[in-house]
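Heads up: the sequence lines are chains S and Z, in that order. Per my numbering, residue 2 is the first one in the first sequence, and the count goes up by one each step. Per my numbering, residue 1275 is the first one in the second sequence, and the count goes up by one each step. This report concerns only the one structure given below.
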Amino acid sequence: MPTTLRIALLAGVLALVSNLIVLGFIQLRTHDEAISEQRRQVVEQGTVLADVYRTGGMPALVDGINDTVTYGDPQSAVALFDGKGKLLLGNLAAMPTTRGPVREGYQSALLRLEHAPPHEAAIVAHRLPHGEWLISGRTVGYGLALRETLERSLLIALIVAILLGLICGIILAQFVGRRVGKIVAVTDQITGHDLTRRIPVSRGGDAFERLGRQINEMLDRIGGLMDELRMVTDSLAHDLRSPVSRLRSAAHAAAEASDPAERDQQLTSVVAQADSLMRILTTALEISRSEAFTSRSQFSRFDVGKLGGELSEMYEPVAEEAGAALRFHQPQQPAELFGHRQLIAQAISNLVENAIRYGATGETIDVTVGEDGRRLTVSVADHGPGIPEERHDEALRRFGRLDSSRSNEGAGLGLALVRAIAHLHDGELVLEDNKPGLIAVLRLPLRGP
Amino acid sequence: MGRKILLVEDDRETAAYLSKGLGQEGHSVELATNGQDGLFRATDGSFDLIVLDRMLPVLDGISVLKALRAAQIDTPVLVLSALASVGDRIEGLESGSDDYLVKPFSFAELLARVNALLRRREARVDPADHRIAVGDLEIDPLSRSVRRGGKKIELKPREYLLLEYFARNEGRVVTRTMLLEQVWDYHFDPGTNVIDVHVSRLRRKLEDGFEKPLLHTVRGAGYMLAA
Chain S
2 MPTTLRIALL
12 AGVLALVSNL
22 IVLGFIQLRT
32 HDEAISEQRR
42 QVVEQGTVLA
52 DVYRTGGMPA
62 LVDGINDTVT
72 YGDPQSAVAL
82 FDGKGKLLLG
92 NLAAMPTTRG
102 PVREGYQSAL
112 LRLEHAPPHE
122 AAIVAHRLPH
132 GEWLISGRTV
142 GYGLALRETL
152 ERSLLIALIV
162 AILLGLICGI
172 ILAQFVGRRV
182 GKIVAVTDQI
192 TGHDLTRRIP
202 VSRGGDAFER
212 LGRQINEMLD
222 RIGGLMDELR
232 MVTDSLAHDL
242 RSPVSRLRSA
252 AHAAAEASDP
262 AERDQQLTSV
272 VAQADSLMRI
282 LTTALEISRS
292 EAFTSRSQFS
302 RFDVGKLGGE
312 LSEMYEPVAE
322 EAGAALRFHQ
332 PQQPAELFGH
342 RQLIAQAISN
352 LVENAIRYGA
362 TGETIDVTVG
372 EDGRRLTVSV
382 ADHGPGIPEE
392 RHDEALRRFG
402 RLDSSRSNEG
412 AGLGLALVRA
422 IAHLHDGELV
432 LEDNKPGLIA
442 VLRLPLRGP
Chain Z
1275 MGRKILLVED
1285 DRETAAYLSK
1295 GLGQEGHSVE
1305 LATNGQDGLF
1315 RATDGSFDLI
1325 VLDRMLPVLD
1335 GISVLKALRA
1345 AQIDTPVLVL
1355 SALASVGDRI
1365 EGLESGSDDY
1375 LVKPFSFAEL
1385 LARVNALLRR
1395 REARVDPADH
1405 RIAVGDLEID
1415 PLSRSVRRGG
1425 KKIELKPREY
1435 LLLEYFARNE
1445 GRVVTRTMLL
1455 EQVWDYHFDP
1465 GTNVIDVHVS
1475 RLRRKLEDGF
1485 EKPLLHTVRG
1495 AGYMLAA
C-alpha cells in the first residue's frame, strides 16, 4: 500500500523536523546560558581577588588565593605569576596558553592544573602594579559533561519521537486508506460501467462523508444526463426514420414514374422531405448549442417589446388565415434585455407558431411583453384545447410531442428549443393553464452590461 | 452579362456542380480548392463575386474573408457553410461577408443570391432615392409611396419594404429565406408559411383591379417581380 507508506513516512518526517526545531532551540538556549553563567562566575572571582589586593595588599591577596584553592570548587583555578611567567602561588602548573600573549580581562585559554592534563577554560587576567599576573578562571569540563548528557538524552528523545510519528502515521494512513478504499471500490465498479452503484454514507459530517455524498450527487447528475442523452439519441434516430423513409419512397416513386409531371411532383416531394430532415437536425443542433452557452458572445442590448411587436405583426396574417386574431400587448416602457436577439426572436416565433398551430380554434391569441424591473416576461396565450397540467413537463421535453401521430409538421422540438434558449439567458419557460387554452410564459432575468 | 466569379470550395463534387450551374448562367467561374489559394487569387480584386466555403483546408473561409477585408478588397462574398446554427450564421455575417448560405441548399437559392449580390454591385452607382419603375408600377423611396397606373396603393411599412426589396431585384428570383433575412432581418427558419402569407397579401394589393400580374411565383425557388 504505497499510500499508507507515504503517509507514514510523511508523519515521520514531520515528527523529525518539528523535534529538530525544538531540540535546536533547547541546545542553543542551554549553551548560551552555560557560557554566560561561567563567564559571570569567572569575572566575579577575578574581581573579588583584585578588590582584595586593592584593599589589603599582597598579604591579603595571598590569603585570598590560598582560601580559593582550598575551599573553592575543583573547577576553579587561581594563581599569581611574576612578570616573567614564573608561578608564585596558586593551583596552576604554568601560565595559561592563550591565542596571543596574555592580556588584561576576560578571555579563553588552555589551563594546566596541577596533576592534570590541560583543560579548556575561561579566565580573567589582572596585571598587578609590580608586573605580576593574577589569573583566575574556571575549566569548562563540567559544562561540557552536562551538555553531553543533555545531547544524549535529546537524541534518544528524537529517535523515540520519530518512531512515535511513524506509528501515528501508519495508524492514520490505515484509517484514511480504509475510508478512501470504500470510495475507490465503488468508483472502480462505476468505471466498470455499473452507474447504479453508490457510495455508502452515514449521517456523519466528516470530510469523507461529504466526499462520498458529493460523488453520489455527481453520479446522479451523470446518470440523468446519460438518460437524457440516450433518450434524445433514441428519439432523434426514431424521428428521423419516418422522414427518411418518406424520402426514400418518394425517390423510389420518382425513379419509377414514367409520366414527367408525376416525376416532377415526386421529386418536389423528395426535396421537401430532405428539407424537413434538415430542419429537424438544425433545430436539434440549435438546442445543444444553446445549452452549451456557445452563443453568449453574440449577446447585445435590444428592446424585447419592439421585437415582440414586429413578430406579432409578422404572424398576424398567418393567425388570421388560421382563423384567430393575434393581439399584441406592449409594455409601458421599453423592455430592454441583454441577450441574443435572433434566438429570442426564434423563441417568440416558436411560441406564436405553436399557438397558431394548436390553439387557433380559440379565436384570439394574446402576445404580451411585460417587465417588472427584475425580469422580463413574454407570454403567448391561446384559447385552444390546451395541454393537461400533468403533461406540461412532457411537452417541454425534446421530441415530447403530445400527439402520437407523428405527421410531417415539426418534430416536437419547438418548445424544447424555446426552453434551451431560456436557459441560455438564465431564464425559464413555464406552461400554464389558460382555462381553456395554454399560456406559454418565457421569463428572462434582466442583467448587465 | 457574364461575370467573373471566384469559387473557393474544396469538395470536388460541389465545386463541379456549382461551376457547371453558374457557367450555364453565363458567368465565368474560376476555382480555388483551398483557402490560401483562394485568398491569393482574390487579392487581385478582379472578381465580381466570391463564393467562399467556410470550411476549407490550409486556411478556413472566415480567415480568408477577414484577410480580404483587412486588405480593403470589397468584392462581394457569399459564404457557404454546413454550420447551420443561428450563432454560426451571425458570426459568418459579422466577419464581413455579404451573404451566408447554409448547406445543403438548392441551386435556385444559390443562384438567386448570387444574382442579388451582383445586382447590388451594379446598383451601387444609383442613388437610393431614385424612383423605381417596374412596368406601370412606380415606387418613390423618398416618400415611400407606391402607384400603379397612376393609382395610389396604400401599403403597411413592412409591405413597403417587401415591395422595395422585390423592385430592387426586378426580374430576378428572390427566395423565401432571402426575404426573411433581408426584409425582416431574422436568421432562423420559421416552420410556417409566414413569408407566403405576406407575399400573397402584397400581391393582392398590387394586382387587385389590374389585369397583368406583377408578382410571380417561381416554383421550387421563390418569387419574382416583373412586368
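By construction, the Cβ of each residue, glycine as well, lies at the ideal position given by its N, Cα and C atoms.
ask   = Can you round the beta-carbon distance between residue 419/S and residue 348/S to whole angstroms, since I take them to be within the 8 Å contact cut?
value = 5 Å
request  = Could you run through the region 260–280 of chain S and flag, in chain order, every residue whose CB is less than 8 Å away from some CB of chain Z?
outcome  = Under the 8 Å Cβ criterion, the region 260–280 of chain S contributes 269, 272, 275, 279, 280.
ask   = Who are the neighbours of residue 331/S on chain Z, taking C-beta pairs under 9 Å?
value = Going along chain Z, no residue has its Cβ under 9 Å from residue 331/S, so there is no contact; the nearest lies around 17 Å.
message = Please tell me whether residue 405/S has its Cβ less than 8 Å away from any Cβ of chain Z.
response = Caution applies to residue 405/S, whose pLDDT of 44 falls short of 50 and renders its modelled position unreliable; the value that the coordinates give is listed next. For residue 405/S, the answer is no, since every Cβ of chain Z falls outside 8 Å of its Cβ.
inquiry  = Considering only the alpha carbon of each residue, which of 82/S, 8/S, 130/S, 87/S lies closest to residue 55/S?
reply    = 130/S
request  = Give me whichever residues DSSP pairs with residue 135/S in a beta bridge.
outcome  = 81/S, 127/S
query = Are any of the Cβ atoms in chain Z nearer than 8 Å to that of residue 408/S?
reply = Residue confidence for residue 408/S is low, a pLDDT of 43 falling below 50, so the modelled location carries little weight and cannot support an answer.
inquiry  = As a quick exercise: from 1431/Z, 1334/Z, 1322/Z, 1437/Z, pick the residue whose alpha carbon is nearest that of residue 1348/Z.
reply    = 1322/Z
message = Can you list, in chain order, the residues of its chain with a C-beta nearer than 6 Å to that of residue 291/S? Leave out the 5 residues immediately preceding and following it.
response = 421, 422, 425
request  = Just the chain Z side, please: which residues come within less than 8 Å of residue 357/S by C-beta, in chain order?
outcome  = 1466
key: Within 8 Å of chain S by C-beta, residues of the region 1276–1290 of chain Z in sequence order   = none
key: Euclidean distance between Cα positions of residue 298/S and residue 376/S   = 21 Å
Cα-Cα separation between residue 406/S and residue 1297/Z, rounded to whole angstroms = Since pLDDT at residue 406/S reaches only 41, below the 50 mark, its modelled position is unreliable, and no value is offered.
request  = Pull up the distance between the alpha-carbon of residue 1419/Z and that of residue 1426/Z, whole angstroms please.
outcome  = 8 Å
Residue nearest to residue 305/S in terms of C-alpha spacing, selected from 161/S, 179/S, 444/S = 444/S
query = What three-state label does DSSP hand residue 380/S in the structure shown?
reply = Strand.
inquiry  = Residues of chain S with CB closer than 9 Å to the CB of residue 1432/Z, please, in chain order.
reply    = 311, 314, 315
ask   = Do the region 313–321 of chain S and the region 265–282 of chain S touch if we need at least three Cβ pairs shorter than 8 Å?
value = Verdict: no, contact absent.
request  = Throw me the rounded Cβ distance for the residue 329/S and residue 309/S pair, which I believe falls under 8 Å.
outcome  = 6 Å
request  = In the DSSP assignment, find the unbroken alpha helix (DSSP H) run with residue 235/S in it and report its ends.
outcome  = Counting along the chain, residue 235/S sits inside the alpha helix (DSSP H) bounded by residues 208–257.
ask   = In the structure shown, what three-state DSSP assignment does residue 32/S receive?
value = helix
task = Can you check DSSP and say which residues form a bridge with residue 339/S?
result = 302/S
query = According to the Cβ coordinates, are residue 123/S and residue 41/S closer than 8 Å?
reply = no
ask   = DSSP state of residue 1483/Z, grouped into three classes?
value = Coil at residue 1483/Z, not helix or strand.
ask   = Are the C-beta of residue 1341/Z and some C-beta of chain S separated by less than 8 Å?
value = no
ask   = Where does residue 318/S sit, in a helix, a strand or coil, going by DSSP?
value = Helix.
task = For residue 1452/Z, count neighbouring Cβ atoms within 10 angstroms of its own Cβ and tell me buried if that reaches 16, exposed if not.
result = buried
query = Is the region 426–438 of chain S touching the region 376–389 of chain S in the sense that three or more CB pairs, one from each, lie closer than 8 Å?
reply = With a cut-off of 8 Å, the region 426–438 of chain S and the region 376–389 of chain S count as touching, because enough Cβ pairs lie within range.
ask   = Should residue 289/S go down as buried or exposed, given a rule of 16 or more other Cβ atoms within 10 Å for buried?
value = exposed
ask   = Which same chain residues, not among the five before or five after residue 474/S, have their C-beta less than 7 Å away from its C-beta?
value = Residue 474/S lies beyond the stretch modelled for chain S, which goes from 2 to 450, so this question has no answer here.
request  = Take residue 96/S and list the residues in its own chain whose beta-carbon comes closer than 6 Å to its own, dropping the five residues that flank it on each side.
outcome  = 82, 86
key: Cβ-Cβ separation, residue 1363/Z to residue 1461/Z (assumed contact under 8 Å), whole Å   = With 8 Å as the limit, residue 1461/Z and residue 1363/Z qualify as a contact, their Cβ atoms being about 5 Å apart.
message = For a test of the three-state rule: what should DSSP assign to residue 1461/Z, helix, strand or coil?
response = coil
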